[in-house]
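Student:
Protein chains in written order, with the working numbering: chain A, 4 to 374; chain B, 4 to 470.
(1) Closer than 8 Å by beta-carbon distance: list the chain B residues that pair up with residue 247 of chain A, in chain order.
(2) Have a look at A:29, A:292, A:78 and flag the residue whose alpha-carbon is nearest the alpha-carbon of residue 56 of chain A.
(3) Between the beta-carbon of residue 267 of chain B and the beta-carbon of residue 307 of chain B, is there less than 8 Å?
(4) I need the straight-line Cα distance from residue 425 of chain B to residue 466 of chain B, nearest angstrom please.
(5) Give the secondary structure of residue 345 of chain B by DSSP, where H, G and I count as helix, E and B as strand, and everything else as coil.
(6) Would you list, in chain order, the members of the stretch 131 to 161 of chain A that have their beta-carbon closer than 7 Å to a beta-carbon of chain B?
(7) List, in order along the chain, the chain A residues whose C-beta lies closer than 7 Å to that of residue 137 of chain B?
(8) Are the C-beta of residue 396 of chain A and some C-beta of chain B separated by less than 8 Å?
(9) Could you confirm whether any beta carbon from chain A is found closer than 8 Å to the beta carbon of residue 160 of chain B?
(10) Rounded to a whole number of angstroms, what is the C-alpha to C-alpha distance between residue 462 of chain B and residue 453 of chain B?
(11) If we cut at 8 Å on Cβ distances, does residue 149 of chain B have a partner in chain A?
(12) Just verifying my parser: in three-state terms, what is the DSSP assignment at residue 225 of chain A?
(13) Residue 4 of chain B: buried (16+ other C-beta within 10 angstroms of its C-beta) or exposed?
(14) Following the continuous beta strand (DSSP E) through residue 28 of chain B, name the residue where it begins and the one where it ends.
(15) Please compile the residues from chain A whose C-beta is within a distance smaller than 7 Å of the C-beta of residue 439 of chain B.
(16) For residue 469 of chain B, count neighbouring C-beta atoms within 10 Å of its own C-beta (all shown protein chains included) and say buried if the count is 16 or more, exposed if not.
(17) Who are the neighbours of residue 259 of chain A on chain B, taking C-beta pairs under 8 Å?
(18) Residue 198 of chain A and residue 249 of chain B: beta carbons closer than 8 Å?
(19) Give me the Cα-Cα distance between residue 153 of chain B and residue 49 of chain B, rounded to the nearest whole angstrom.
(20) Near residue 82 of chain A, which residues of its chain fall below 7 Å by C-beta distance, leaving aside the five closest residues on each side in sequence?
(21) Can you name the residues of chain A whose CB is closer than 8 Å to the CB of residue 299 of chain B?
(22) If residue 169 of chain A and residue 287 of chain A are in contact, beta carbons under 8 Å, what's the gap, nearest whole angstrom?
(23) Quick one: give me the first and last residue of the beta strand (DSSP E) that residue 54 of chain A is part of.
(24) With distances taken Cα to Cα, identify the nearest neighbour of residue 194 of chain B among B:423, B:455, B:18.
(25) In the DSSP assignment, the beta strand (DSSP E) including residue 147 of chain A goes from what residue to what residue?
(26) For residue 109 of chain A, which beta-bridge partners are listed by DSSP?
(27) Take residue 236 of chain A and list the residues in its own chain whose beta-carbon comes closer than 6 Å to its own, dropping the five residues that flank it on each side.
(28) For residue 258 of chain A, which three-state DSSP category applies?
(29) What number of angstroms, rounded off, separates the C-alpha of residue 129 of chain B from the C-alpha of residue 240 of chain B?
(30) In three-state DSSP terms, what is residue 98 of chain B?
(31) Residues of chain A with CB under 8 Å from residue 246 of chain B, in chain order?
(32) Does any CB atom of chain A fall closer than 8 Å to the CB of residue 256 of chain B?
(33) Measuring CA to CA, which of A:65, A:80, A:61 is closest to residue 71 of chain A?
(34) DSSP three-state label for residue 189 of chain B, please.
(35) Counting only the same chain and skipping the five closest in sequence on each side, list residues whose C-beta sits under 7 Å from that of residue 296 of chain B.
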């Protein structure tokens, strides 16, 4: 009886695992110098496109292709597949600027987005391989295309050697479960309300353990024999989640230490607000205390005027108004200083009367005071 | 810097005597343990101090000078001592001999613990210490980051501290300190007190109270459990509460939800203890905690007040309390919260956080899956709400006959349903940002339910085995 049961379990397991085992290790290269220069690709309707970039060409460099990135280039490829076909996307490249790399399924239609499909890649002269798990609800149904966003802020040279889609074997899928479970979402202004993680294959991790938890609770209440074991097991699950969430806090603390606490003053960056807190401190130091209000023109977070109001109170912040003589900009590329007229321009139109540029935090962040 | 921190610690300690005396006055039936009184004293001291400062500034026109703040921190000590003298013909003052005796008794009790209990306690203390150290590191090193912290809670404290008064011009963007005008000022005025003590503004000073709230809540929770509760169950409760992820997370986020959850726990939990037969003092302290919850967050007035009002009427109808007790229950909270409540009414502040004049009932069916996911399936609350839901559904027959546990279950369920119904059935859901946080406020009550259910469950099993 027991042998029959064991055999049934083995056969059933094989039935479910066989397709995975047979297809495991399959890799489809969709981007490389050889592919892009092949005659088949040249005549194909499905070709890589570069968008939101001045230069839409790719150039041979070393054994890869050079993309001259203005700072926020997209690489788009029309290719239909789901996670039943491939489990992982692998990209091998290097960049001369730090890159926020984002994989976007169905980029030309829905443009789905999740923290699991984001990676931060550091500057390097050697190729680095970055992987994205495709075991995510976004890839459950066939996607029509995928996009890769290379956000570097500043212009950069990216050399891409290869992009491939990979079918993982069973053990690799299992290891992906652990990788997913311990992936920590970056701290955002919304974290105070909820944690996106831990997730497995894009779903809340706890959902996978519900049957186990139900069985343990049932045993705890109904079975005299297994009550102790069930009780301790529930406590163990609690402790496991506690450890996982403790890990989350430690990772966030480590990131804060690395990006904000440890760096020198000029290089401090806080979570999603980049160097805004340093900018606020710089403004305190460089604006004469005789001025009690400013007109603020910021770029980036919609929160920045209110946040600046908190950080620099009692200074009054008027968001994109023309109240008083002081104008302060933060990373605003729409505003420029005209040296000959000595006034600020908002795009093509004059914004201020003639005045003086008092101090600059960076190229697009400065204090200007009308005469 | 170190001197500023010493002054901040002293400022917190200075609020303790008046809080202790207030709890002492409430404890007419001598039902509270010293540990419970000591921890509640801090939180009552903070809230009562803030109300005094508010009254003196808004109604008395006094500027928030260091002297006014110091007087507000200590002045009531004399008033409360007079009340105690009137009631007991004695003064309460620190008695080192009694304290030494108390400590000796604790050590003796501790030596009677089994080696396992000692080990578990040691691990738990280490764990909580590690959590507190991490939170301290965060508040000291990271400036105010989270939205409502700089848009409301800390902004108000910074504005009031900088101006030296509570701004009262309704047209000003900094009315009552700025942000959403209807938010109560308990948290902000405590922060103003700490900044005044430090002598300057710093992000670390203004973010520090969150850690204090976390420690106080753990202390209040642990010492509120009766001595009849098995030690291991008490330690288990403390462990579960200390690490509920979103709850712990708020120990380093400058929001007022953690502070509110203390008063919510004291309001509902004390009624539970009273129903469990722990004495009338728990009945009356619940009312004062309710008043302070209204002084802390709008949920106190909009959700907790009506619920407790109906609950106490049910107590009267079912003869669990008499009319005199009921009137006494409500008299002191009304007196306590009068300055803030009258100000609210006179200035027509909204009951809810936003504009409550255009409240509409709708069905946000699209949020159902998000609510289920947020409460049960993400790890915000570990297994807490999942276990509570299963226990209530499957063990209601065991819960129902025990009136105190029945009360706790019903109250918890009603609060849970109201909080989530605001999200599900009104147009005030906005972007669901408050969803997990309102459920977080109920966490201490949830853990209390879990611990007392387990105690009841094991007692039932043991009695069956004996039979």
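In this text, a Cβ means the ideal position worked out from N, Cα and C, and glycines have one as well.
Tutor: Reading it off the structure:
(1) Listed by position along chain B, the residues whose Cβ is nearer than 8 Å to that of residue 247 of chain A are 382.
(2) A:78
(3) yes
(4) 42 Å
(5) In the structure shown, residue 345 of chain B sits in a helix (DSSP, three-state: H, G or I).
(6) none
(7) 252, 256
(8) Outside the modelled stretch of chain A, which goes from 4 to 374, sits residue 396 of chain A, for which no answer is possible.
(9) no
(10) 14 Å
(11) yes
(12) helix
(13) exposed
(14) First-last for residue 28 of chain B: 19 to 29, but that is the alpha helix (DSSP H), not the beta strand (DSSP E).
(15) 196, 197
(16) It is exposed - the Cβ of residue 469 of chain B has fewer than 16 other Cβ atoms within 10 Å.
(17) 141, 144, 145
(18) In terms of Cβ geometry, residue 198 of chain A and residue 249 of chain B form a close pair [threshold 8 Å].
(19) C-alpha separation (whole angstroms): 21 Å.
(20) 33, 49, 148, 149
(21) Ordered by position in chain A, no residue passes the 8 Å Cβ test against residue 299 of chain B, which lies about 17 Å from the chain.
(22) At roughly 51 Å, the Cβ-Cβ gap does not stay under 8 Å, so residue 169 of chain A and residue 287 of chain A are not in contact.
(23) Unbroken beta strand (DSSP E) run through residue 54 of chain A: 52 to 54.
(24) B:18
(25) Residues 146 to 154.
(26) DSSP, once it has assigned bridges, lists no residue as partnering residue 109 of chain A.
(27) 219
(28) The answer is helix: DSSP assigns residue 258 of chain A an H, G or I state.
(29) The alpha-carbon atoms of residue 129 of chain B and residue 240 of chain B are separated by roughly 16 Å.
(30) If DSSP states are grouped into helix, strand and coil, residue 98 of chain B belongs with coil.
(31) For residue 246 of chain B, the neighbours in chain A by C-beta distance under 8 Å run, in chain order, 245, 248, 249.
(32) yes
(33) A:61
(34) DSSP places residue 189 of chain B in helix when its eight states are reduced to three.
(35) These residues qualify, in order along the chain: 263, 266, 267, 270, 303, 307.
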